Amino acid sequence: MYKPRPPHVIRPLKTDQTQKINGAHWQGNSCVDSVARTWLRRSRAGRPSMAFGTPPGNVIMWLLLALLFGPGPAETGARQSAAPGSTMLEAARMFLATLDPAQKSKAVLPFNSEERFHWFYTPVSRKGIPLKELTASQRQAALTLLRAGLSEKGYTKAETIRKLEGVLRELEGSSGTTRDPDLYFFTFFGEPDANGAWGWRYEGHHCSQNWTILKGQSIGSSPQFFGANPAEVRDGPMKGTRVLSAEEDLARSLVKSLSAEQRAEAILSTTAPADILTSNQRKAAIEGNTGLAYGKLGKDQQGTLLALIEEYLGAQPRVQARQRLDKIRQTGFDQIRFAWMGGLEKGQGHYYRVQGSTFLIEYDNTQDGANHIHCVWRDFNGDWGQDLLAEHYRNSPHHQHVSEHASVH
-18 MYKPRPPHVI RPLKTDQTQK INGAHWQGNS CVDSVARTWL RRSRAGRPSM AFGTPPGNVI
42 MWLLLALLFG PGPAETGARQ SAAPGSTMLE AARMFLATLD PAQKSKAVLP FNSEERFHWF
102 YTPVSRKGIP LKELTASQRQ AALTLLRAGL SEKGYTKAET IRKLEGVLRE LEGSSGTTRD
162 PDLYFFTFFG EPDANGAWGW RYEGHHCSQN WTILKGQSIG SSPQFFGANP AEVRDGPMKG
222 TRVLSAEEDL ARSLVKSLSA EQRAEAILST TAPADILTSN QRKAAIEGNT GLAYGKLGKD
282 QQGTLLALIE EYLGAQPRVQ ARQRLDKIRQ TGFDQIRFAW MGGLEKGQGH YYRVQGSTFL
342 IEYDNTQDGA NHIHCVWRDF NGDWGQDLLA EHYRNSPHHQ HVSEHASVH
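Going by this note's numbering, the sequence shown opens with residue -18, and the numbers climb by one from there.
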């Protein structure tokens, strides 16, 4: 009897709900949840998904396109209709208005500051103002800004990652200041301006989110980094939490579904690197033309790969995610390659990357007994909005004196 493999794609959007599917925790709901859940039930029952008139791989691709181009998710009406740039502009102005002069001088740097390109995902000294130095009302305004910059799913991930600092502090028996959920910084580059260029960053241990806004439009939302240590909390009040479960489980599902011939191209090494290869480099390097091409995957496998890509896309608001997907579609899905290194089983160190003509996803889980994830979305030409800023400066003679800041050195 025909038994299609489950798609493993349940959209996490509501923070107050948790589902457990095939051993992985998925939080939330969305406009496509009911279809995915019905299809999953039929799959488990051994019944084909003919209710939807499409084979399994196409179901997942349909879900992806429905998510990014269909009706809005279960978010507020304002978030459905407002462009991320305008929403962030309003939230940024409201937050900065709560700061006193000393606080604001720490929080706001020039737009052309080199600091804009200095990003880290380790516990280091940072520029900007941390949550630790904010009053309750200032903190609320800061987190409202973070909500404006991310989707509900992205915001939930960011907040859960921040809470893991408390778990780390308990695990390490630390009494110092290194593991502190309040050492997450808001840094602005230029004054928020509806007619000019400005940017901002939210960053702390295992979370670095970077935005660039030009004339009220969000033109850059990368590097986008999320990490988790522990990747799975095994004790205490947060036991069972796997904030980056989809990033791990979807990729493993894909690689284990490959035939011997496909694995020969996809698996580059049985040993995984100790971290993502691009680290926190200013410009992401294209990692060669290696890995298994999208066109060599079966339809079901293509659907799983697209669901994995969507998991990274979906951290951003719908408009921003659509912009990223548009770039991929313009260059073609056939340009995408999937590569894996390390073991195939849970608990074994592993690494993967998904690379297209315009973007790079990297993921590594090797540290602390393969229970420590680093994953990132990079845009080869568009990190910090570099490509569109450069075009803007080229077409605006009165801005040419700052055009050097639109290029990565």
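Every residue gets a Cβ at the ideal spot worked out from N, C-alpha and C, and that includes glycine. This one's a predicted model, so the numbers in the text were calculated from it and none came from an experiment.
Residue nearest to residue i in terms of C-alpha spacing, selected from the options
{"i": "A139", "options": "G269, E213, D360, F207", "result": "F207"}
{"i": "Q336", "options": "L325, L149, K308", "result": "K308"}
{"i": "D81", "options": "G180, I110, G350, V357", "result": "I110"}
{"i": "N270", "options": "L289, A247, E291", "result": "A247"}
{"i": "R128", "options": "Y183, L77, L306", "result": "Y183"}
{"i": "K327", "options": "R305, N352, S338, F340", "result": "N352"}
{"i": "D345", "options": "E229, A296, K280, L126", "result": "E229"}
{"i": "R263", "options": "S67, F92, H99", "result": "H99"}
{"i": "V214", "options": "K134, Q304, L225", "result": "L225"}
{"i": "C188", "options": "I354, L235, G221, L249", "result": "I354"}
Where residue i sits in the DSSP three-state scheme
{"i": "R182", "result": "strand"}
{"i": "F361", "result": "coil"}
{"i": "A247", "result": "helix"}
{"i": "A274", "result": "strand"}
{"i": "Q297", "result": "coil"}
{"i": "G208", "result": "strand"}
{"i": "M75", "result": "helix"}
{"i": "E146", "result": "helix"}
{"i": "I257", "result": "coil"}
{"i": "Y136", "result": "helix"}
{"i": "F340", "result": "strand"}
{"i": "D161", "result": "coil"}
{"i": "G91", "result": "Just to set this straight, residue 91 is Pro in the shown sequence, not Gly. Three-state DSSP puts P91 in coil, outside helix and strand."}
{"i": "G58", "result": "Confidence in G58 is poor, its pLDDT being 43 and thus under 50, which makes the residue's placement too unreliable to answer from."}
{"i": "I317", "result": "coil"}
{"i": "V335", "result": "strand"}
{"i": "S226", "result": "helix"}
{"i": "D307", "result": "helix"}
{"i": "F101", "result": "coil"}
{"i": "G350", "result": "helix"}
{"i": "L195", "result": "strand"}
Buried versus exposed, by CB contacts within 10 Å (16 or more), residue i
{"i": "K113", "result": "exposed"}
{"i": "T168", "result": "buried"}
{"i": "I342", "result": "buried"}
{"i": "K196", "result": "exposed"}
{"i": "R223", "result": "buried"}
{"i": "F298", "result": "The sequence shown places Pro at residue 298, rather than the Phe named in the question. Buried, by the Cβ-count rule."}
{"i": "D360", "result": "buried"}
{"i": "Q311", "result": "exposed"}
{"i": "T116", "result": "exposed"}
{"i": "D315", "result": "exposed"}
{"i": "I142", "result": "buried"}
{"i": "P211", "result": "buried"}
{"i": "A241", "result": "exposed"}
{"i": "G171", "result": "buried"}
Contact set for residue i: own chain, Cβ-Cβ below 7 Å, skip 5 residues either direction
{"i": "T252", "result": "M322, G323"}
{"i": "E146", "result": "R160, D161, P162, H186"}
{"i": "D256", "result": "D345, H355"}
Close beta carbons around residue i, own chain, < 6 Å, minus the five adjacent residues each side
{"i": "P104", "result": "T159, H186"}
{"i": "T57", "result": "Below a pLDDT of 50, predicted positions are generally treated as unreliable, and T57, at 46, falls in that range; the measurement from the model is reported next regardless. Nothing listed; no residue qualifies."}
{"i": "P173", "result": "L70, A73, R74, W179"}
{"i": "K108", "result": "E96, T168"}
{"i": "G366", "result": "T193, I200, G201"}
Contact set for residue i: own chain, Cβ-Cβ below 8 Å, skip 5 residues either direction
{"i": "Q329", "result": "G323, A351"}
{"i": "A88", "result": "L77, L80, G109, I110, F167, T168, F169"}
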